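Structure first, commentary second.
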């Protein structure tokens, strides 16, 4: 039975993501992708103008998946530090469940691809960092951080923690799962943030 254009596009992206899950990380070609889908390369180009556009489709999926939840966290959770904890937990969980997407997030899958793809990933990570920074500012208004704490430095530290866990996951052949030590590490990160805080009313 023939698939609708939108369904075929999704099938192509799902197959691309599955191919990215190989720990060896071989360069993916449109010929190999077409082979997996049992179609011609020309058939792929009826849905995407280029391989770069296919990767852009994956990045759009990542962005929509992450920020739909981040926006919900920001709306529904009032406590600033809890927002931070939930956002970081989301980022680790997303990578653990989406191996191929993890390789896109760390840029490993984008080597030798169009440079605009890495620029888009950088922008996505900057948005994540900005969301964490905003949550830290909220924590300061709740007297959990000093009003003059370096929110930018803290947000960047937490971003680097997440990217480091993603990197470890991918480089280990997906054996070192991002969530494995999260329950132990979040209190460490939390107290690192608190080291910039003073007692309420001090």
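Numbering (this note's numbering), first residue to last: 700 to 901.
The beta carbon of each residue, even a glycine, is placed where N, CA and C say it ideally should be.
None of the values given here were measured: they were computed from a predicted structure.
Query, Result
"Apply the 10 Å Cβ neighbour rule to residue 784 and answer buried if 16 or more other Cβ atoms are within range, or exposed otherwise.", "buried"
"In the structure shown, what three-state DSSP assignment does residue 747 receive?", "coil"
"Would you call the region 824-833 and the region 886-893 in contact, with 3 or more CB pairs under 8 Å?", "no"
"What is the DSSP secondary structure of residue 859, reduced to helix, strand or coil?", "helix"
"Note down, one range per segment and in chain order, each alpha helix (DSSP H) of at least 4 residues found wholly within the region 796-824.", "798-804"
"Output the boundary residues of the alpha helix (DSSP H) element that contains residue 891.", "881-893"
"Going straight from the alpha carbon of residue 766 to that of residue 880, what length do you get?", "24 Å"
"Express the C-alpha separation of residue 761 and residue 838 in angstroms, rounding to a whole number.", "27 Å"
"Say whether the region 746-762 touches the region 803-818, bearing in mind that this needs 3 or more beta-carbon pairs closer than 8 Å, one atom from each stretch.", "yes"
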